[in-house]
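Novice: Have a look at the structure that comes next, please.
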Amino acid sequence: MPELPEVETTRRGVAPYTEGRIVRAVVVREARLRWPVPADIGQRLAGQRIQGIERRAKYLLFHSARGSLLVHLGMSGSLRVLPGGAPQPGRHDHVDIVLEGGGVLRFNDPRRFGCILWVEPGETHPLLSRLGPEPLSEDFTGALLMRRSRGRRGPVKSFIMDGQVVVGVGNIYANEALYLSGIRPDRAAGRISAHRYDTLAENIKQVLTSAIEQGGTTLRDFVGGDGKPGYFAQQLYVYGRAGQPCKGCGGLLREQRLGQRSSVYCVTCQR
DNA sequence: CAGCACTCCTGTTCGC
DNA sequence: TGCGAACAGGAGTGCT
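Take a look at the structure:
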């Protein structure tokens, strides 16, 4: 499932093949995504040059002079470059961005939790207007977590997954960062010390950075081929390891549902 | 506002 | 071995 590192890896992977290129057409085979793909998206984008690709949270923005294509990969989405043109589309190949010169940027999303929308020039899309800071920016600090968490009684894990607090911390990395920080995921956000929030913020940055670095080794998978683009093995301490031994102390990892999300932690190493 | 539950969807896993 | 049920999960929406 694409988390922030996968989305950033996608951005870097498709940028060399799309930036500076002109869009010839947009082929929408299935418009029923999270929200309907706008019917006029092809008219808006055709003939436009893709000036750059920006990532904000887990959204990708393909900027042109006439507006921007806003893409989210949801749970199961992927973007892949087909430099030599478009082979027969598969069952979930919902949208093709056909480029001058014959290359194709193909959007695939089996569960259709993703979206493709349009943003007018100079406007901030409502989906982006209330987002917290980027986790890898200087704006994201332990002090921010400390300040924003005061008075909040919900679990810290839900707190750091709240996109209005900080963006891009999905379930996998929330679990991992809390393990690395020695913090139980069900601890009340408002009752965690400034020092521990410093540690947590650093670990969130660390785990995301290392995942992005690992993603760099799979960039070739974004082009052609039939491998699944954008996903890469991640060294995981707790996520998906419920019932297995903690890599720190050997105790069995426990699983708990928090805010509809599975949370895995070590009762000994995390307090 | 904070904190939930609900919702979208389909591939995978599980239980019998 | 096969089949239906349960599950996973990003994040917007709506309710308390």
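Quick note on UniProt numbering: the first sequence kicks off at 1 and runs consecutively. The beta-carbon is built from N, C-alpha and C at its ideal position, and this holds for glycine as well.
1) Is G176 helix, strand or coil when you go by DSSP?
2) Determine the extent of the beta strand (DSSP E) in which G52 is found, giving its start and end residues.
3) Using the three-state DSSP reduction, which class does E255 fall into: helix, strand or coil?
4) With a CB to CB cut of under 8 Å and the five nearest residues on each side skipped, what residues in its chain are close to Q164?
5) Starting from the C-beta of V98, find all residues in its chain whose C-beta is less than 6 Å away, skip the five residues before and the five after it, and write them out in chain order.
6) I'd like to check one pair, I116 with L33: are the Cβ atoms closer than 8 Å?
7) Could you please give me the residues that DSSP links to H195 through a beta bridge?
8) Do you know how far the Cα of R184 is from the Cα of C266?
9) Just how far apart, CA to CA, sit P245 and S158?
10) Considering only the alpha carbon of each residue, which of L79, G151 and T199 lies closest to R191?
11) Between which two residues does the alpha helix (DSSP H) harbouring G13 extend?
12) Considering only DSSP beta bridges, list what P155 is partnered with.
13) Are T199 and S210 touching if we call contact CB-CB under 8 Å?
14) Bridge partners of N108, per DSSP?
15) Looking only at its chain, what residues have a beta carbon closer than 6 Å to the beta carbon of L144, apart from the 5 residues adjacent to it on each side?
16) How many whole angstroms separate the CB atoms of K58 and P2, which I take to be in contact at a CB cut-off of 8 Å?
17) According to DSSP, is A86 helix, strand or coil?
18) So G20 packs on R49, CB below 8 Å; how close in whole Å?
Specialist: So, from the data block:
1) Here the question's residue 176 lines up with position 176 in the first sequence. In the sequence as displayed, the identity of residue 176 is Glu instead of Gly. E176 falls in the helix class under three-state DSSP.
2) Along the first sequence, one-based indexing puts residue 52 at 52. Its beta strand (DSSP E) spans residues G52 to R56.
3) Translated into positions along the first sequence, residue 255 becomes position 255. Note: E255 maps to strand in three-state DSSP.
4) The residue you call residue 164 lines up with position 164 of the first sequence. Setting aside the 5 residues that flank it on each side, Q164 is surrounded in the same chain by R130, L131 and G132, each with a C-beta closer than 8 Å to its C-beta; the list follows chain order.
5) Looking up residue 98 in the first sequence gives position 98. Result list for V98: R24, A25 and V104, in chain order.
6) Residue mapping note: residue 33 aligns to position 33 of the first sequence, counting from 1. Residue mapping note: residue 116 aligns to position 116 of the first sequence, counting from 1. Yes.
7) Start at 1 with the first residue of the first sequence, and residue 195 comes out as number 195. According to DSSP, residue pairing for H195 in a beta bridge does not occur.
8) Taking the first sequence and counting its residues from 1, one reaches residue 266 at position 266. Taking the first sequence and counting its residues from 1, one reaches residue 184 at position 184. C266 and R184: Cα-Cα distance of roughly 8 Å.
9) Against the first sequence, residue 245 aligns to sequence position 245. Against the first sequence, residue 158 aligns to sequence position 158. If you take the alpha carbons of P245 and S158, they lie about 24 Å apart.
10) Within the first sequence, the letter at position 191 stands for residue 191. Closest option to R191, Cα to Cα, is G151.
11) Counted from its first residue, the first sequence places residue 13 at position 13. Unbroken alpha helix (DSSP H) run through G13: L4 to T18.
12) As a position in the first sequence, residue 155 is number 155, starting the count at 1. DSSP output for P155 lists A188 as bridge partner(s).
13) Locating residue 199 in the first sequence gives position 199, where the first residue counts as 1. Locating residue 210 in the first sequence gives position 210, where the first residue counts as 1. Not in contact: T199 and S210 (Cβ atoms no closer than 8 Å).
14) Numbered from its first residue, the first sequence carries residue 108 at position 108. Paired residue(s): S78 and D93.
15) For the purposes of this step, residue 144 is taken as the residue at position 144 of the first sequence. Closer than 6 Å at the Cβ level, and outside the excluded window around L144, lies no residue.
16) For the purposes of this step, residue 58 is taken as residue 58 along the first sequence, with counting starting at 1. For the purposes of this step, residue 2 is taken as residue 2 along the first sequence, with counting starting at 1. About 7 Å separates the two Cβ atoms, so the contact holds.
17) Your numbering for residue 86 matches position 86 in the first sequence. In the structure shown, the three-state DSSP call for A86 is coil.
18) The sequence position of residue 20 within the first sequence is 20, counting from 1. The sequence position of residue 49 within the first sequence is 49, counting from 1. The beta-carbon separation of G20 and R49, rounded to 7 Å, stays under the 8 Å limit for a contact.
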